[in-house]
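All remarks here apply to the structure that follows.
Protein chains: 2
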Amino acid sequence: MRVAVLGVGLIGGSVALAARRQDGVHVTGWDHDPAALDRATSAGVLDAAVAAIGDARDIDVWVVAVPLAALADTVLAACAAAGEAAIVTDVGSTKHALVSASPAACYIGGHPLAGAETAGVEHARADLFDGATWYLTPQTDSPGVLYERLHRFVASLGATPVAIDAAAHDRLMAAVSHLPHVLANVLVQQAALALGGETLPATGPSFRDATRVAGANPELWAQIYAANGEALGEQLDATIRRLQDVRARLDDLQDWQQDAAQRRRALLEVGLTGGPEQELRVAVPNRPGVVADIALTLGHAGINISDMSLAPSTDRRTGVVGLWVASADAARARDLITAKDLLVT
Amino acid sequence: MRVAVLGVGLIGGSVALAARRQDGVHVTGWDHDPAALDRATSAGVLDAAVAAIGDARDIDVWVVAVPLAALADTVLAACAAAGEAAIVTDVGSTKHALVSASPAACYIGGHPLAGAETAGVEHARADLFDGATWYLTPQTDSPGVLYERLHRFVASLGATPVAIDAAAHDRLMAAVSHLPHVLANVLVQQAALALGGETLPATGPSFRDATRVAGANPELWAQIYAANGEALGEQLDATIRRLQDVRARLDDLQDWQQDAAQRRRALLEVGLTGGPEQELRVAVPNRPGVVADIALTLGHAGINISDMSLAPSTDRRTGVVGLWVASADAARARDLITAKDLLVT
Numbered sequence: 001m002r003v004a005v006l007g008v009g010l011i012g013g014s015v016a017l018a019a020r021r022q023d024g025v026h027v028t029g030w031d032h033d034p035a036a037l038d039r040a041t042s043a044g045v046l047d048a049a050v051a052a053i054g055d056a057r058d059i060d061v062w063v064v065a066v067p068l069a070a071l072a073d074t075v076l077a078a079c080a081a082a083g084e085a086a087i088v089t090d091v092g093s094t095k096h097a098l099v100s101a102s103p104a105a106c107y108i109g110g111h112p113l114a115g116a117e118t119a120g121v122e123h124a125r126a127d128l129f130d131g132a133t134w135y136l137t138p139q140t141d142s143p144g145v146l147y148e149r150l151h152r153f154v155a156s157l158g159a160t161p162v163a164i165d166a167a168a169h170d171r172l173m174a175a176v177s178h179l180p181h182v183l184a185n186v187l188v189q190q191a192a193l194a195l196g197g198e199t200l201p202a203t204g205p206s207f208r209d210a211t212r213v214a215g216a217n218p219e220l221w222a223q224i225y226a227a228n229g230e231a232l233g234e235q236l237d238a239t240i241r242r243l244q245d246v247r248a249r250l251d252d253l254q255d256w257q258q259d260a261a262q263r264r265r266a267l268l269e270v271g272l273t274g275g276p277e278q279e280l281r282v283a284v285p286n287r288p289g290v291v292a293d294i295a296l297t298l299g300h301a302g303i304n305i306s307d308m309s310l311a312p313s314t315d316r317r318t319g320v321v322g323l324w325v326a327s328a329d330a331a332r333a334r335d336l337i338t339a340k341d342l343l344v345t
Numbered sequence: 346m347r348v349a350v351l352g353v354g355l356i357g358g359s360v361a362l363a364a365r366r367q368d369g370v371h372v373t374g375w376d377h378d379p380a381a382l383d384r385a386t387s388a389g390v391l392d393a394a395v396a397a398i399g400d401a402r403d404i405d406v407w408v409v410a411v412p413l414a415a416l417a418d419t420v421l422a423a424c425a426a427a428g429e430a431a432i433v434t435d436v437g438s439t440k441h442a443l444v445s446a447s448p449a450a451c452y453i454g455g456h457p458l459a460g461a462e463t464a465g466v467e468h469a470r471a472d473l474f475d476g477a478t479w480y481l482t483p484q485t486d487s488p489g490v491l492y493e494r495l496h497r498f499v500a501s502l503g504a505t506p507v508a509i510d511a512a513a514h515d516r517l518m519a520a521v522s523h524l525p526h527v528l529a530n531v532l533v534q535q536a537a538l539a540l541g542g543e544t545l546p547a548t549g550p551s552f553r554d555a556t557r558v559a560g561a562n563p564e565l566w567a568q569i570y571a572a573n574g575e576a577l578g579e580q581l582d583a584t585i586r587r588l589q590d591v592r593a594r595l596d597d598l599q600d601w602q603q604d605a606a607q608r609r610r611a612l613l614e615v616g617l618t619g620g621p622e623q624e625l626r627v628a629v630p631n632r633p634g635v636v637a638d639i640a641l642t643l644g645h646a647g648i649n650i651s652d653m654s655l656a657p658s659t660d661r662r663t664g665v666v667g668l669w670v671a672s673a674d675a676a677r678a679r680d681l682i683t684a685k686d687l688l689v690t
């Protein structure tokens, strides 16, 4: 099978490396930036490099991994260069506008939920997509043979292909990813204003957690907000309506708070990180070493901690450690921790 | 010195225990609920218990630690029972309405930033307030002699008294605590709706972090929202305006995102948990034991981790650990971690 990767950064390079794990796969790379293409060639992620998209020959799968702003044009160029039986896909984080603008006869959208803090082909990894959800957005008139080939290709990279309507995909991403980023920004802006001359008090970890993603990579996120403007706009409208409703009954919010508690439990228990998980909350003395002791004990028992939060009390003498572990491991983890005379709730 | 504690739960009980660490302090307790008073007596936190507020005699400092809804009436009852040189204070989490409704001649508001996941006098601790900020809200006509006594009393409990205008206090709490709780609730409600029939994808830790406090203790938080309705309402109005502004320019948000990045850094670097801290971000293989290894190494070196977040990549093979340590320890922590061939950014 012959694969073309257009745009050879972290994601494109990782697609190339993942595809080449299999016998008989040949990957041709192209990049708008000749220097980036040179780096990819030097890093050994490609079998061949071409200076123009049209120079890539006999390609079965075209993967467009260029920046969001260049996606639509590059998809069109790939479709123009692609033979009749070839499939063109992309890895952009929003889908509806791109899918609407691209020819269904050759293109099906994609979005792998993978990435890293790092960027650049130097950090590309063959296993980047192992176990990752990879959304595919076929249209009703997408040729079945092309979808089947794309599905098989994505699975061969180690990912789990999940078909989703393009508009539903964008709504979902707007709600669980883009809106949280917007609200985190608003929170830091409001707090900075409210502080005035006061020093920020020790409010525990809730403010820090809520604003952890505030101001993330401004260049990338400005592109994401713009690309998903329609779905994010709807989320913002709904958020504004909810806040107006809350505003109107600030003295009657117990049921509303209860509803949020139930919804959060339901959301997280279906497995926010890819499988059913449970949170164990452990009351601990907050001395150096106690976190290590818990983590080490679970590590020795082969129990992976997928998420951890340490909420120290203000006096730093005690705190609560929240640990997320696979549901299958939860009972065993609880036993190991309570055996240390620590209270698990 | 003679202290009266009205309401003997976790906070009231801890005030009693903290006060009684000093010689010559006598603490009398009262509670609306005779059973709670019995439990406090059994737990040994009090020197004496009275069945009626008026039965407490020759009290120098009255500390009202009843639920929010009963604060105003109990403060008035304490003022009625208090002698001329006695000070009445409280520990409620909002201040402006209570301060406005209470006589400045006998009462000065207070709010210790301390507490715990647990409730009830059984969990009261003498060191609960050690190192905690304890806001005091004197009015312009508060007698200086009473403020001085209260300041000294709060410091004697181990806390750091900080004077703040009652309205400014409520604005600050609304911005850094109450608004984050409201927005976390909205996020889970929006996500639940957007999901429809889809399974929640592995979106990394940002959604979980942003919604960690969603649905927290509905009974307590409904009271807090109501008690701080004025300041929280203003925060909600400002939030709605900001969201409408963002909504109107979704394709032009790079400067806005950049602004949020700078503000977050500025806020957190002044020390969200009580002192200057820095975040170290460590790229790690996400195998059992690696978190323990880092924590153990820092623990052995006497470096306390005040906050930690583990963000696994979707494939669970790598991740980024964010560690918050005191700025004074940051360089040493960085050296210890890089010595393990781990990348610190």
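For the record, the sequence lines run as chains U and R. Position 219, counted from 1, in the first sequence is what the working numbering calls 219; the numbers after and before it change by one each time, with no gaps. Position 97, counted from 1, in the second sequence is what the working numbering calls 442; the numbers after and before it change by one each time, with no gaps. All C-beta atoms in this analysis are idealised placements derived from N, C-alpha and C, irrespective of residue type, glycine included.
(request) Output the distance between the C-alpha atoms of U:Asp209 and U:Arg264, rounded to the nearest integer angstrom. (result) 15 Å
(request) Closer than 7 Å by beta-carbon distance: list the chain U residues that pair up with R:Ala361, in chain order. (result) Here the premise fails: no neighbours, minimum Cβ distance about 17 Å.
(request) In the DSSP assignment, find the unbroken alpha helix (DSSP H) run with U:Arg171 in it and report its ends. (result) Ala166 to Met173
(request) Just grab the DSSP bridge partners of R:Thr482 for me. (result) R:Gly454
(request) Measure from the C-beta of U:Pro161 to each C-beta in chain R and report whether the shortest distance is under 8 Å. (result) Chain R contact via Cβ: absent.
(message) Distance check for U:Arg149 and U:His26, CA to CA, integer angstroms please.
(response) 16 Å
(request) Could you tell me if U:Ser93 is buried or exposed, where buried requires 16 or more neighbouring beta carbons within 10 angstroms of its beta carbon? (result) buried
(request) State the beta-bridge partners of U:Glu277 as determined by DSSP. (result) U:Ala326
(message) Using 8 Å as the threshold, is the C-beta distance between R:Ser359 and R:Leu473 below it?
(response) yes
(message) For U:Glu230 and R:His514, I'd like the C-alpha separation in whole angstroms.
(response) 38 Å
(request) Could you pull out every residue in the same chain whose Cβ sits closer than 7 Å to the Cβ of R:Pro483, ignoring the five residues on either side in sequence? (result) Ile453, Tyr492 and Ala508
(message) What does the Cβ neighbour count give for U:Val61, buried or exposed, with the cut at 16 atoms within 10 Å?
(response) U:Val61 should be labelled buried.
(request) Return yes when the Cβ of R:Arg592 is within less than 8 Å of the Cβ of U:Leu236, no when it is not. (result) yes
(request) Note down the Cα distance separating R:Val353 from U:Glu279, rounded to an integer number of angstroms. (result) 31 Å
(request) With DSSP collapsed to three states, give me the class of U:Val25. (result) coil
(message) So that I know if they touch, is there some Cβ in chain R lying closer than 8 Å to that of U:Pro180?
(response) yes
(request) For U:Arg2, collect the residues of the same chain with a Cβ closer than 6 Å to its Cβ; drop the 5 residues on either side in sequence, then sort them by chain order. (result) Close CB contacts of U:Arg2 within its chain, under the 6 Å cut and outside five residues either way in sequence, are with His26, Asp58, Ile59 and Asp60 (chain order).
(message) Assuming U:Ala4 is part of the alpha helix (DSSP H), what are its boundary residues?
(response) Unbroken run through U:Ala4 is the beta strand (DSSP E), Arg2 to Leu6; no alpha helix (DSSP H).
(message) Are the CB atoms of R:Val629 and R:Val666 within a distance shorter than 8 Å?
(response) yes
(request) Take the Cβ of R:Asp590 as the centre, count every other Cβ of all protein chains shown within 10 Å, and call the residue buried at 16 or more, exposed below. (result) Per the 10 Å Cβ criterion, exposed.
(message) Strictly below 7 Å CB to CB, what residues from chain R border U:Tyr225?
(response) Leu595 and Leu598
(request) Could you tell me whether any Cβ in chain R is nearer than 8 Å to the Cβ of U:Ala126? (result) For U:Ala126, the answer is no, since every Cβ of chain R falls outside 8 Å of its Cβ.
(request) With 8 Å as the threshold, decide whether the Cβ of R:Gly465 is near any Cβ in chain U. (result) Proximity of R:Gly465 to chain U, defined by a Cβ-Cβ separation below 8 Å, is not satisfied.
(request) Output yes or no for whether 8 Å exceeds the beta carbon distance between R:Leu382 and R:Gly389. (result) Their beta carbons are not under 8 Å apart, which means R:Leu382 does not touch R:Gly389 by this criterion.
(request) Kindly indicate which residue of U:Gly83, U:Glu122 and U:Ala174 has the alpha-carbon position closest to the one of R:Phe552. (result) Distance check between R:Phe552 and each of U:Gly83, U:Glu122 and U:Ala174 places U:Ala174 closest, using alpha-carbon atoms only.
(request) Would you decide whether U:His300 is buried or exposed? Buried here means 16 or more other CB atoms lie within 10 Å of its CB. (result) exposed
(message) Can you list, in chain order, the residues of its chain with a C-beta nearer than 6 Å to that of R:Ala559? Leave out the 5 residues immediately preceding and following it.
(response) Ala529, Asn530 and Val533
(request) Starting from U:Val182, trace the alpha helix (DSSP H) both ways and give me its first and last residue. (result) Leu179 to Leu195
(message) Assess contact between the stretch 70-77 of chain U and the stretch 96-111 of chain U, defined as three or more Cβ pairs (one per stretch) separated by less than 8 Å. Is contact present?
(response) yes
(request) Classify R:Ala459 as helix, strand or coil using the three-state DSSP reduction. (result) coil
(request) Grab the span of the beta strand (DSSP E) containing R:Val409 for me, first residue to last. (result) Val406 to Val409
(message) I'd like to confirm the pairing. Which residues does DSSP put opposite R:Ala628 in its beta bridges?
(response) Note: R:Ala628 is bridge-paired with R:Val665 and R:Leu688 in the DSSP secondary-structure output.
(request) May I have the straight-line CA-CA distance separating U:Val63 from U:Ala159, to the nearest angstrom? (result) Going from the Cα of U:Val63 to the Cα of U:Ala159 covers about 15 Å.
(request) Give, in chain order, every residue of the stretch 56-86 of chain U whose Cβ lies closer than 7 Å to some Cβ of chain R. (result) none
(message) At the level of alpha carbons, what is the spacing between R:Thr478 and R:Asp604?
(response) 29 Å
(request) List the DSSP bridge partners of R:Ala393. (result) R:Thr373
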